[in-house]
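Chemist: This is the structure, below, for whatever I ask next.
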Amino acid sequence: MPLIDTHTHLDFEDFDADRQAVLARCAALGVERIVVLGVHAQNWQRVWQLASEQPAVYAALGLHPVYQHQHRDEHLTALGEWLQRLRGEAKLCAIGEIGLDYYIDAPDHERQQYLLERQLQLASDFELPALLHVRRAHAAMIATLKRHRLHRGGIVHAFSGSWEEAREYLKLGFKLGLGGAGTWPQARRMQRVLEQLPRHGIVLETDAPDMPPAGHVGERNSPELLPEICQRLAELKGISTAELAAASYRNSCELFGWPLGDT
0 MPLIDTHTHL DFEDFDADRQ AVLARCAALG VERIVVLGVH AQNWQRVWQL ASEQPAVYAA
60 LGLHPVYQHQ HRDEHLTALG EWLQRLRGEA KLCAIGEIGL DYYIDAPDHE RQQYLLERQL
120 QLASDFELPA LLHVRRAHAA MIATLKRHRL HRGGIVHAFS GSWEEAREYL KLGFKLGLGG
180 AGTWPQARRM QRVLEQLPRH GIVLETDAPD MPPAGHVGER NSPELLPEIC QRLAELKGIS
240 TAELAAASYR NSCELFGWPL GDT
């Protein structure tokens, strides 16, 4: 049962002590590909090096809204230069993690919007999917995506919005990233949405080292927990684990332009 983890931060120091062992366990568990996302200019090199050295790892580069005050206009220029230099590289699969976060303390809406739109334009220019972070900002994000129609769409990471919002993203060609957060008993709204989601709109993720599944409170999340997350989400949706795994795998390959079964 092959799986793809569409959203991780495997480059973070949380994995420095055992990263190679984690990757080995993932391979044994059937987690064939792992997408690692950049969050600021300072970690792009680390992300790209990890993708270059590890067969299972793929890279996305972007400027995360949580770090809004660290980002400078020259970082947007540098991102464009990175994308130009890596154009056509098989290990570069998307732009991300980018987006809007109105949950953080004192969010600068204008600055976040500017950074988002500049990066969506890069996604369009380089014909890459966009991996989106959205917290308490779905209306603004949906309105933005309607103005920036991305040919290759992308993923709304850790989706926890309403069914109406889910439908809007699906209409815009985006997949919804589902992970450990949806397995907790208190995630009732997400579980109701999951029941209605068409299989073609779902991709699986961990967001490791954050957002572990139910039963792992206080633990480091890891891509090796993706099979457990898949099993629990499948139970909540009322389908078999194999059916959800196959749907997510197919959707991920379609999104990133990977041939099915090509590892």
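Each step along the sequence shown adds one to the number in numbering that gives the first Met the number 0, with nothing skipped, and position 37 is 36. Built from N, CA and C at the ideal position, the CB exists for glycine as well.
1. Provide the residue span of the alpha helix (DSSP H) that contains Gly79, from first to last.
2. Taking Val30 and Pro222 to be in contact with their CB atoms under 8 Å, please state how far apart those CB atoms are, rounded to whole angstroms.
3. To the nearest angstrom, how far is it from the Cα of Arg187 to the Cα of Pro212?
4. Do you know how far the Cα of Ser123 is from the Cα of His150?
5. Just to confirm, are Gly179 and Leu203 a CB contact at a threshold of 8 Å?
6. When burial is assigned at 16 or more other CB atoms within 10 Å of the CB, is Asp107 buried or exposed?
7. Does DSSP put Ile103 in a helix, in a strand, or in coil?
8. Let's see if you can read the secondary structure: which residues bound the alpha helix (DSSP H) around Ala58?
9. For Ser161, is the classification buried or exposed, using 16 other Cβ atoms within 10 angstroms of its Cβ as the cut-off for buried?
10. Just mark Asp104 as buried or exposed, buried being the case when its beta carbon has 16 or more other beta carbons within 10 Å.
11. Between which two residues does the alpha helix (DSSP H) containing Glu116 stretch?
12. Give me the Cβ distance between Phe255 and Ala93, rounded to the nearest whole Å; I'm assuming they're in contact under 8 Å.
13. Give me, in chain order, the residues of the same chain whose beta-carbon lies closer than 8 Å to that of Asp209; leave out the 5 immediate sequence neighbours on both sides.
14. Just list the beta strand (DSSP E) runs in the segment 153-185, keeping only unbroken ones of 3 residues or longer that don't cross its boundaries, in chain order.
15. For Gly176, which residues in the same chain have their Cβ closer than 7 Å to its Cβ, ignoring the five residues on either side in sequence?
16. Kindly indicate which residue of Leu119, Leu131, Leu85 has the alpha-carbon position closest to the one of Ser51.
17. Let me confirm a value: Gln83 is counted as buried when at least 16 other C-beta atoms fall within 10 Å, else exposed. Which label applies?
18. Is there contact between the segment 237-256 and the segment 39-50, where contact requires at least three CB pairs shorter than 8 Å?
19. Quick one: using the 10 Å Cβ neighbour count with 16 as the cut-off for buried, is Gly87 buried or exposed?
20. In angstroms, rounded to a whole number, what distance separates the CA positions of Leu2 and Pro54?
21. Evaluate Arg231 with the Cβ neighbour count: other Cβ atoms within 10 Å of its Cβ, from every protein chain shown; 16 or more gives buried, anything less gives exposed.
22. Whole angstroms are fine: how far does the CA of Leu225 sit from the CA of Arg18?
23. Given a threshold of 16 other Cβ atoms within 10 Å of its Cβ, counted over all protein chains shown, does Gly217 qualify as buried or as exposed?
Modeler: On the basis of the data shown:
1. Position 80 of the sequence shown holds residue 79. Gly79 -> alpha helix (DSSP H) spans 72-85.
2. Numbered from 1 along the sequence shown, position 31 holds the residue referred to as residue 30. Numbered from 1 along the sequence shown, position 223 holds the residue referred to as residue 222. Yes, they are in contact, since the Cβ atoms of Val30 and Pro222 sit about 5 Å apart, within 8 Å.
3. Walking along the sequence shown from the start, residue 187 turns up at place 188. Walking along the sequence shown from the start, residue 212 turns up at place 213. Their Cα atoms are separated by approximately 14 Å.
4. To locate residue 150, count along the sequence shown from 1; it is residue 151. To locate residue 123, count along the sequence shown from 1; it is residue 124. Each residue's Cα considered, the two are about 7 Å apart.
5. Against the sequence shown, residue 179 aligns to sequence position 180. Against the sequence shown, residue 203 aligns to sequence position 204. No.
6. Numbered from its first residue, the sequence shown carries residue 107 at position 108. Flag for Asp107 reads exposed.
7. Taking the sequence shown and counting its residues from 1, the one referred to as residue 103 is at position 104. Three-state result, Ile103: coil.
8. The sequence position of residue 58 within the sequence shown is 59, counting from 1. Premise fails: Ala58 lies in the beta strand (DSSP E), 56-60, not in any alpha helix (DSSP H).
9. Position 162 of the sequence shown, counting from 1, holds the residue named residue 161. Per the 10 Å Cβ criterion, exposed.
10. Along the sequence shown, read from residue 1 onward, the residue named residue 104 stands at position 105. With fewer than 16 Cβ atoms within 10 Å of its Cβ, Asp104 is classed as exposed.
11. The residue you call residue 116 lines up with position 117 of the sequence shown. It spans 108-124 - the alpha helix (DSSP H) in which Glu116 sits, taken as one unbroken run.
12. By one-based count along the sequence shown, residue 255 stands at place 256. By one-based count along the sequence shown, residue 93 stands at place 94. The pair is a contact, with the Cβ atoms about 7 Å apart (cut-off 8 Å).
13. As a first step, residue 209 must be located in the sequence shown, where it is residue number 210. Excluding positions up to five away in sequence, the list reads His8, Asn220.
14. 153-156, 173-177
15. Within the sequence shown, numbered from 1, the residue matching residue 176 stands at position 177. Contacts found: Thr5, His6, Ile154, Val155, His156, Ala157, Phe158, Val202, Glu204.
16. The residue labelled residue 51 in the question sits at position 52 within the sequence shown. Of the listed residues, the one whose Cα sits closest to Ser51 is Leu85.
17. As a working mapping, residue 83 is identified with position 84 in the sequence shown. Label assigned to Gln83: exposed.
18. no
19. Position 88 of the sequence shown holds residue 87. With fewer than 16 other Cβ atoms within 10 Å, it is exposed.
20. Along the sequence shown, read from residue 1 onward, the residue named residue 2 stands at position 3. Along the sequence shown, read from residue 1 onward, the residue named residue 54 stands at position 55. Straight-line Cα distance between these residues: approximately 15 Å.
21. For the purposes of this step, residue 231 is identified with residue 232 of the sequence shown, where counting begins at 1. Buried: at least 16 other Cβ atoms inside 10 Å.
22. The residue you call residue 18 lines up with position 19 of the sequence shown. The residue you call residue 225 lines up with position 226 of the sequence shown. Rounded to the nearest angstrom, the two C-alpha atoms are 16 Å apart.
23. Along the sequence shown, read from residue 1 onward, the residue named residue 217 stands at position 218. Exposed, by the Cβ-count rule.
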